[in-house]
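Student:
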Amino acid sequence: MKGTASWIFCALLAFLAVAVEAAKSDPSQPPKRLKIETTYTPPTCNRKARKSKTGDRLTVNYSGVYWKDPDLVIDSNFKSGKPYQFNVGLGQVIRGWDRGLTKMCVGEKRVLTIPGDQTNQGEPLIYSVELLSIDTLPAKKSTSK
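In case it helps, this note's numbering puts the sequence shown at residues 9 to 153.
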């Protein structure tokens, strides 16, 4: 009897773990956490490769859609043909970008599924982003003598 109870308890724990994971990734529910999916990693992206970090000036191509209507492009730089530049991690872009575009190699592509609390619209968004270049900001010169 003791062995059967242990087996049932273990099976129940395993079922609960699977159910919790399924609830986290239910595609019919808006995302509650930032999801970062790398869709392309260039061959040059290895442990020694330069990766983006807070404060770096990134140049990217991007396209964004609402999570609930992924066929409607709401934001993109493809029409203008001009890559977009910003400093990552300094609040110049939505929080999902600041968090989702660090530790990235030049040429890498990611899809960011961003919950509403990390966007300006309050709505979950999905962005496809390609990192074109990384520039390090020069150290600020002190103005005091």
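Ideal Cβ positions, reconstructed from N, Cα and C, are used throughout, including at glycine.
The structure presented is a predicted model; accordingly, all values stated were derived computationally and were not measured.
With 16 other CB atoms within 10 Å as the buried threshold, where does residue 83 fall?
Tutor: Per the 10 Å Cβ criterion, exposed.
Student: Please report the residue range of the beta strand (DSSP E) in which residue 143 lies.
Tutor: Taken as a continuous stretch (DSSP letters only), the beta strand (DSSP E) holding residue 143 covers 133–143.
Student: Since residue 108 is in the alpha helix (DSSP H), which residue starts that stretch and which ends it?
Tutor: Its alpha helix (DSSP H) spans residues 103–108.
Student: Pair every Cβ in the segment 95–110 with every Cβ in the segment 119–132, then say whether three or more of these pairs are closer than 8 Å.
Tutor: At 8 Å Cβ cutoff, the stretches touch.
Student: Could you tell me whether the Cβ atoms of residue 143 and residue 58 are closer together than 8 Å?
Tutor: Their beta carbons are not under 8 Å apart, which means residue 143 does not touch residue 58 by this criterion.
Student: Suppose contacts are defined by Cβ-Cβ distances below 8 Å. Is residue 68 in contact with residue 81 by that definition?
Tutor: No, these two residues do not count as a Cβ contact at 8 Å.
Student: For residue 124, which three-state DSSP category applies?
Tutor: In the structure shown, residue 124 sits in a helix (DSSP, three-state: H, G or I).
Student: Helix or strand or just coil, what does DSSP make of residue 91?
Tutor: Of the three classes helix, strand and coil, the one that applies to residue 91 here is coil, per DSSP.
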